[in-house]
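Colleague:
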Amino acid sequence: MRILFSLLFLFSIGAHGQSTRFFISAHQDDWQLFMNPNVYNSIKNPQDKTVIIHTTAGDAGEGKGKRSYYKAREEGSLRALRFLANTFESGVGFGTEMNEEMVQINGHKMQRMSYRNCVVYLLRLPDGNGQGTGYPLHREKSLKKLYEGTVKNLHSIDSTTVYKDKKDLITSLKALIQKEQHGIETELHLADTDPENNPNDHSDHQTSSKLFQEVAQEIGKMRLFLYVNYFSSEKPKNISEDEFLMCAATWGVTTSALGDLEHYSTWDKVHNAWIGRQYFRTLDLN
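Per the numbering used here, the sequence shown starts with residue -19, numbered consecutively.
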């Protein structure tokens, strides 16, 4: 299985020309734990473009309160991205400075950050809680409920925009993908929505993946990478020693932001159990 996974990824980045890879990360620490070293391997190809999309604020129902927990988590993701980008070239002239802009896509404001050949989108939709039940501060609204049509008008926690329904959100996500695509190949990296492959996953992971899979079906001609998330900690390590070192360092950089901004670090046995494990399958769309 380890060899199969490695060959699949090497084929995807070596058999074609310029690529755009979208890593859909519902929370700001998902890509580091479940989609690395694939993110690392994407960033180290400077002719390619790596786009990370955080669909929710990962705020655990706190909104903008509690010393801005969501901002600390965002900083962790941005630090990790800069760390990886600067492992291949000097940070001279770049440092911590990222190009920051509020872009408008399909009539919705979205926070866009860029650094070298990398882009991060922060949609800041409410954390849906594990089962998609939502939190009182957000009137129990969640991505899952919007997707299922049981709620409407899902506001970003920073009050920059509101998605009136599933169709509005999917149309916006499609426009985002089309805006950032370049080259001759597009990849979408997502949570696996097959419960046999990826059991007991978070509702935000699952719903984000379902939304982007619908977008992918509309656009066509792209490769999907479908990842095991929480359940991967039950599986054996399946990456090389060098990759393990890089993944551990990336996670350490991520967690440093939480401590620096006065929150509990997630450098612990629960989270660290995911380091060194990356399981996925691929699906090609015509």
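Note that beta-carbon positions come from the ideal geometry of N, C-alpha and C, so glycine has one too.
1. What would DSSP say about Arg53, mapped onto helix, strand or coil?
2. Comparing C-alpha positions only, which one of His182, Ser189 and Ala237 sits nearest to Asp211?
3. Between Lys124 and Thr36, is the Cβ-Cβ spacing less than 8 Å?
4. Leaving out five residues before and five after Gly114 in sequence, what residues of the same chain have Cβ atoms less than 6 Å from its Cβ?
5. Can you tell me where the beta strand (DSSP E) holding Ser183 begins and where it ends?
6. Taking the C-alpha atoms as reference points, what is the distance between Val31 and Glu167?
7. If we call anything under 8 Å between Cβ atoms a contact, is Ala228 one with Ile255?
8. Taking only heavy atoms of the ligand SAH into account, decide whether any of them is closer than 7 Å to the Cβ of Gln91.
9. Less than 8 Å between the C-beta atoms of Leu204 and Ala196, yes or no?
10. So, for Leu241: in the same chain, excluding its five sequence neighbours on each side, which residues have a beta-carbon less than 6 Å away from its beta-carbon?
11. For Ile157, count the other beta carbons within 10 Å of its own beta carbon; 16 or more makes it buried, fewer makes it exposed. Which is it?
12. Check whether the stretch -3 to 15 touches the stretch 78 to 94, counting contact only when three or more Cβ pairs, one atom from each stretch, lie closer than 8 Å.
13. Go ahead and label Arg47 buried or exposed: buried means 16 or more other beta carbons lie within 10 angstroms of its beta carbon, across all protein chains shown.
14. Could you tell me the boundaries of the alpha helix (DSSP H) in which Ala228 lies?
15. How big is the Cα-Cα spacing for Leu225 and Gly232?
16. Please report how far the alpha carbon of Lys215 lies from the alpha carbon of Leu170, in whole angstroms.
17. Helix, strand or coil: which one does DSSP assign to Asn97?
18. Output the distance between the C-alpha atoms of Val208 and Glu69, rounded to the nearest integer angstrom.
19. Give the secondary structure of Gln84 by DSSP, where H, G and I count as helix, E and B as strand, and everything else as coil.
20. Which residues bound the alpha helix (DSSP H) around Asp10?
21. Quick check: what's the CA-CA separation for Glu165 versus Leu105?
22. Which partner residues does Ile150 have in the DSSP bridge list?
23. Between Asn16 and the rest of its own chain, which residues show a CB-CB distance below 7 Å, the 5 nearest in sequence each way excluded?
24. Using CA atoms only, rank isn't needed, just tell me which of Lys190, His162 and Gln161 is closest to Pro175.
25. So the candidates are Met90, Glu55 and His88; which of them puts its Cα closest to the Cα of Thr268?
26. Taking the beta strand (DSSP E) that Ser22 falls in, what are its first and last residues?
27. Would you identify the three-state DSSP class for Asn109, choosing helix, strand or coil?
28. Between which two residues does the beta strand (DSSP E) holding His251 run?
29. Does the distance from the CB of Thr234 to the CB of Arg59 come in under 8 Å?
30. Could you give the DSSP three-state label for Ile255: helix, strand or coil?
Modeller: Let me lay it out:
1. For the purposes of this step, residue 53 is taken as residue 73 along the sequence shown, with counting starting at 1. Helix at Arg53.
2. Working through the sequence shown from its first residue, we reach residue 211 at position 231. The question names Asp, but residue 211 is Phe in the sequence shown. Taking only the C-alpha atoms, the option nearest Phe211 is His182.
3. Position 144 of the sequence shown, counted from the first residue, corresponds to residue 124. Position 56 of the sequence shown, counted from the first residue, corresponds to residue 36. Result no, Cβ atoms of Lys124 and Thr36 do not sit closer than 8 Å.
4. Working through the sequence shown from its first residue, we reach residue 114 at position 134. Within the same chain, Gly114 has close Cβ partners Gly108, Glu120, Lys121 and Ser122.
5. Reading the sequence shown from its first residue, position 203 is the one you call residue 183. Segment Ser183 to Ile199 is the alpha helix (DSSP H) holding Ser183; no beta strand (DSSP E) there.
6. Counting from one through the sequence shown, the residue named residue 31 turns up at place 51. Counting from one through the sequence shown, the residue named residue 167 turns up at place 187. Their backbone Cα atoms lie some 10 Å apart in a straight line.
7. The residue given as residue 228 occupies position 248 in the sequence shown. The residue given as residue 255 occupies position 275 in the sequence shown. In this structure, the beta-carbon distance from Ala228 to Ile255 falls below 8 Å.
8. Of the ligands one can find in the structure shown there are none, so the ligand SAH has no counterpart to examine.
9. On the sequence shown, position 224 is the one that residue 204 refers to. On the sequence shown, position 216 is the one that residue 196 refers to. Their beta carbons are under 8 Å apart, which means Leu204 touches Ala196 by this criterion.
10. Walking along the sequence shown from the start, residue 241 turns up at place 261. Cβ within range, chain order: Ala52.
11. As a first step, residue 157 is located in the sequence shown; it is residue number 177 there, counting from the start. So Ile157 ends up on the buried side.
12. Segments in contact, no.
13. Looking up residue 47 in the sequence shown gives position 67. Its Cβ having fewer than 16 others within 10 Å, Arg47 is exposed.
14. Locating residue 228 in the sequence shown gives position 248, counting from the first residue. Unbroken alpha helix (DSSP H) run through Ala228: Glu221 to Asp240.
15. In the sequence shown, residue 225 corresponds to position 245, counting from 1. In the sequence shown, residue 232 corresponds to position 252, counting from 1. The alpha-carbon atoms of Leu225 and Gly232 are separated by roughly 11 Å.
16. The residue labelled residue 215 in the question sits at position 235 within the sequence shown. The residue labelled residue 170 in the question sits at position 190 within the sequence shown. Cα to Cα, the separation comes out at about 19 Å.
17. Position 117 of the sequence shown, counting from 1, holds the residue named residue 97. If DSSP states are grouped into helix, strand and coil, Asn97 belongs with coil.
18. For the purposes of this step, residue 208 is taken as residue 228 along the sequence shown, with counting starting at 1. For the purposes of this step, residue 69 is taken as residue 89 along the sequence shown, with counting starting at 1. Distance between the alpha carbons of Val208 and Glu69 is about 31 Å.
19. Residue 84 sits at position 104 when you count from the first residue of the sequence shown. Three-state result, Gln84: strand.
20. Stepping through the sequence shown from its first residue, residue 10 is reached at position 30. Asp10 to Phe14 is the span of the alpha helix (DSSP H), which, as asked, contains Asp10.
21. Counting from 1 along the sequence shown, the entry for residue 165 is found at position 185. Counting from 1 along the sequence shown, the entry for residue 105 is found at position 125. Going by the C-alpha atoms only, they are around 29 Å apart.
22. For the purposes of this step, residue 150 is taken as the residue at position 170 of the sequence shown. Paired residues: none, contrary to the question.
23. The sequence position of residue 16 within the sequence shown is 36, counting from 1. The residues are Cys227, Thr230 and Gln258.
24. Within the sequence shown, residue 175 is the residue found at index 195, counting from 1. Measuring from the Cα of Pro175, the nearest candidate turns out to be Lys190.
25. Residue coverage of the chain in this structure runs from -19 to 266, which leaves residue 268 outside it and unanswerable.
26. As a working mapping, residue 22 is identified with position 42 in the sequence shown. Ser22 -> not in any beta strand (DSSP E); alpha helix (DSSP H) instead, spanning Asn18 to Ile23.
27. By one-based count along the sequence shown, residue 109 stands at place 129. Coil, per DSSP.
28. As a first step, residue 251 must be located in the sequence shown, where it is residue number 271. No beta strand (DSSP E) holds His251; the alpha helix (DSSP H) holding it covers Lys249 to Asn252.
29. The sequence position of residue 234 within the sequence shown is 254, counting from 1. The sequence position of residue 59 within the sequence shown is 79, counting from 1. Between Thr234 and Arg59, the gap from beta carbon to beta carbon is short of 8 Å.
30. As a working mapping, residue 255 is identified with position 275 in the sequence shown. Coil.
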